[in-house]
Each structure stands twice: as structure tokens, then as C-alpha cells.
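A.B. asks:
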Amino acid sequence: MSNRAVLEVIALDAEDAVAAQAGGADRLELVTDMAADGLTPPLKVFESIRSAVDIPLRVMLRVADGFAAGDIDVLVEKARTLRAAGAGEFVLGFLDEDGHADLVAVERLVAELDGCPWTFHRAIDRAADRNVLRKHLADLPGLDTYLTAGSPNGVDAGMDTLLDEAGRAELPGYEPQIMVGGGLRLDHLPRLRAAGIEAFHIGGAARPGGWSGPVDVAAVREWRAALDG
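For the sequence shown, my numbering gives the first residue as 3, with consecutive numbering after it.
(1) Have a look at I126, E99, G90 and flag the residue whose alpha-carbon is nearest the alpha-carbon of P154.
(2) Would you mind sorting D18 into buried or exposed? The rule is 16 or more other CB atoms within 10 Å of its CB.
(3) Pop quiz: V61 and D73 are said to be a contact at Cβ under 8 angstroms. What is the actual Cβ separation, rounded to whole angstroms?
(4) Using the Cβ count rule (16 or more neighbours within 10 Å means buried), how would you classify W213?
(5) Is the beta carbon of G101 sitting closer than 7 angstroms to the one on R223?
(6) When burial is assigned at 16 or more other CB atoms within 10 Å of the CB, is A81 buried or exposed?
(7) May I have the straight-line CA-CA distance separating A228 from A220, to the nearest angstrom?
(8) Short of 8 angstroms in beta carbon distance, which residues of its chain neighbour R170, apart from the five on each side in sequence? Order them along the chain.
(9) Nearest-angstrom Cα distance between A70 and M181?
(10) Does the structure place the region 26–45 close enough to the region 77–93 that three or more beta carbon pairs sit under 8 angstroms?
(11) Quick one: which unbroken alpha helix (DSSP H) runs of 4-plus residues sit fully inside the region 140–207? Chain order, please.
(12) Between G95, A16, F48, I12, which has its C-alpha nearest L135's C-alpha?
(13) Nearest CA to the CA of R124: which residue from G185, A89, G144?
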């Protein structure tokens, strides 16, 4: 991949994936059931998307709405099945009842991933202490990205946090790339890019017709042009 900013787009099926790649997406996040904010997609959906595009895919490992892990044995089995089918990048992230990283669940899954790169998703935005969470996860293999809006209320509310964390890249726990997503708009990009943030995640912004409609090539191209410009 070149030095250009990373654009990740949510894909629910192969049609989404093809449109996102055509529009200039660098990577896809694969999920199902956006009513629950994105759960692990069925194996057949992963396989159909993998056959349709040739850009990296990050597959969500999540079986219930919210940020509790739920049945970790089910999660581990899903990870194992997806790995066997060729999945090599993942998205996950769980909190315990006190709002701290659920290290039992995360470490079990990471062990199953056996070094695959993975994103800790927006559970960080609900954490009791973002800095403590980063420190607790700092030594886990494969963690290379935090997907965050800086706040549970989206980028508007989290902008100051994002800018602050962008300036901490040399500190322990802050080495993973910040990927901004969650209420992200085109007008946010100049401040985020000026702070050195180079990865961006869109879902609804790629779907002018809402979640009931597909990813729109032109919408993705608009984001690609804005990032490249």
C-alpha cells in the first residue's frame, strides 16, 4: 500500500465490496446486522466477498449488541472457522462490567488469531479510561489499529481527544494506528489530517440511501478524492 491515507468501508455483501473497491477503498470491514452495530458475518458472506475483491478484509468478531463479549466459546469457534476459510485480519473489542478491557475474552481470541493483524473497535470510546485500556492491550500481538471517534457521541464530540491522542504516537500503548470512524464527515478531515491521522472508516457515509441500500461508488470516490486532495 502507498503512503496515501487509508480508507476503510463497511461491506455487508459482495455488491458492497465491489462498489467500495471501485470507489477507491483500501480496506473493508465485514459485518452483518447493522441494527446491532455490526456482528460477525456468515462464512458464506466472507467467502463471497473474498472472491469478489482483492483488497484487505477485516472481519468483525462480535456476536451480540453492546460491548460485552457474550459467549466467548462461540466467538473462538467463529474465529477458527474464518481463519480456516482464509480470513487473515479481524476487528474485535470487549469491555467488562467496569468499563475496562475484557482481557480474558480479548486474549482468548487473540490467541486463536495467532498473530493476525486486528483492530480494537469503538469499545474504546465506552471505556472507563482510554489510556488505561491502551496500556492493558499494549503487548497483545497483532493489534495495529484503534477504530475510534474519540467519544461515544461521535467525532464532533471526540475531536479534541482524537487530536490529543494523535500527538502521543511515541508513548506506550499509542503505537497502533488511529482509524477515525463514527459520525465522521468530510469537513472533519482537514483538522484530522493536519494532526497526522492517516486512516478513516465510513459506513453510512458510503450509502446515500441508508443502510437498506448498497454502498455507492460515487460516495466512496468523493471520500477518496477528499483524502487524496
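Ideal Cβ placement from N, Cα and C applies to all residues, glycine included. Since the structure is predicted, the reported quantities are computational estimates derived from the model, not experimental observations.
C.D. replies: Let me spell this out:
(1) It is I126.
(2) It counts as buried.
(3) Contact between V61 and D73 is absent: CB atoms are separated by about 18 angstroms, not below the 8 angstroms threshold.
(4) The residue in question, W213, is exposed, as its Cβ has fewer than 16 Cβ neighbours within 10 Å.
(5) If you check the CB distance, G101 and R223 do not come in under 7 angstroms.
(6) Taking all protein chains in view, the Cβ of A81 is crowded by 16 or more other Cβ atoms within 10 Å, so the residue is classified as buried.
(7) Approximately 12 angstroms, taken between the alpha carbons.
(8) Scanning its chain for C-beta atoms nearer than 8 angstroms, with the 5 sequence neighbours on each side dropped, one finds around R170 the residues Y176, in chain order.
(9) Distance between the alpha carbons of A70 and M181: 22 angstroms.
(10) With a cut-off of 8 angstroms, the region 26–45 and the region 77–93 count as touching, because enough Cβ pairs lie within range.
(11) Taken in chain order, the unbroken stretches of alpha helix (DSSP H) that lie wholly in the region 140–207 and span 4 residues or more are 157–168, 191–196.
(12) Per the C-alpha coordinates, the member of G95, A16, F48, I12 positioned closest to L135 is G95.
(13) Of all alpha-carbon atoms in G185, A89, G144, the one lying nearest the alpha-carbon of R124 is that of G185.
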